[in-house]
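Encoded as structure tokens, the structure appears first; notes follow it.
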Amino acid sequence: MVSLRLPIANPHLCGGSILSDSYILTAAHCVDTFSPNDLSVVAGIHNKSDQNGVIRQVDHIFVHPNWSSPENLHDIAILRLSQPLELADNSLLTRTCLPHVHWLTIIEHYPSSGTRLAAIGWGNRNNSILDNSPDNLHQVQVFSIDNNDPNCIESLHDPEIQFCAGLQQGGKGDSGGPIFQWLNNRWEQ
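Counted from 1, the sequence shown has number 188 at position 189 by numbering that gives the first Met the number 0; the numbering is strictly sequential.
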């Protein structure tokens, strides 16, 4: 888990996940209005005020070419860091675990309805301004909800690439961060 920040005032903007020593996964809506020079990444922290975090500048922003703001379709971006992170197993500086899924297979029911999930982030639990967001990383347990559930139908634009989870909503600042499912004896994003 990383914190995306604006270098000048250094506030937490969004979360992200470490894909490799040089690449970070986040949400397109977190970065689509910024240039690489506008962003920095802080890794290796649990408390966002920790001065010992590993700071890296962003070298390039890759926003999904089909990103659509009003519908939040393809809300995904990858950041390339200007300098690699030194990753370590069993630490705050490790890459996220991705599922072993054949991506050409339709995964319409992944995760299956009722699956226990965990979302983490530094988002404001009151969903107000970011300045009041907690210093410590928080985790909330949510469950996946059937895409045909009345609570989900209005929020999903494409059930083949989106799924519904809740009912507890993340706060401002949680965007771009991971949601995990326990699979194969590990948490997978």
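Note that CB positions come from ideal geometry on N, CA and C, so glycine has one too. Bear in mind the structure is a predicted one, so any value in this text is a computation, not a measurement.
- DSSP assignment within the region 41 to 113 yields the following whole beta strand (DSSP E) runs of 3 residues or more, N-terminal first: 53 to 62 and 76 to 80.
- The distance from the Cβ of C163 to that of N146 is about 6 Å, consistent with a contact at the 8 Å cut-off.
- A residue is called buried once 16 or more other Cβ atoms fall within 10 Å of its Cβ, and D173 is buried on that count.
- Secondary structure of H28 (DSSP, three-state): helix.
- Put simply, of H45, S143, H73 and I17 the residue whose alpha carbon is nearest the alpha carbon of A27 is H73.
- Cα atoms of H156 and N71: separation of roughly 8 Å, rounded to the nearest angstrom.
- Annotated three-state conformation of I17 is strand, per DSSP.
- Relative to C96, the option among F179, V1 and L12 whose CA is nearest is F179.
- Beta-bridge analysis with DSSP links W181 to W186.
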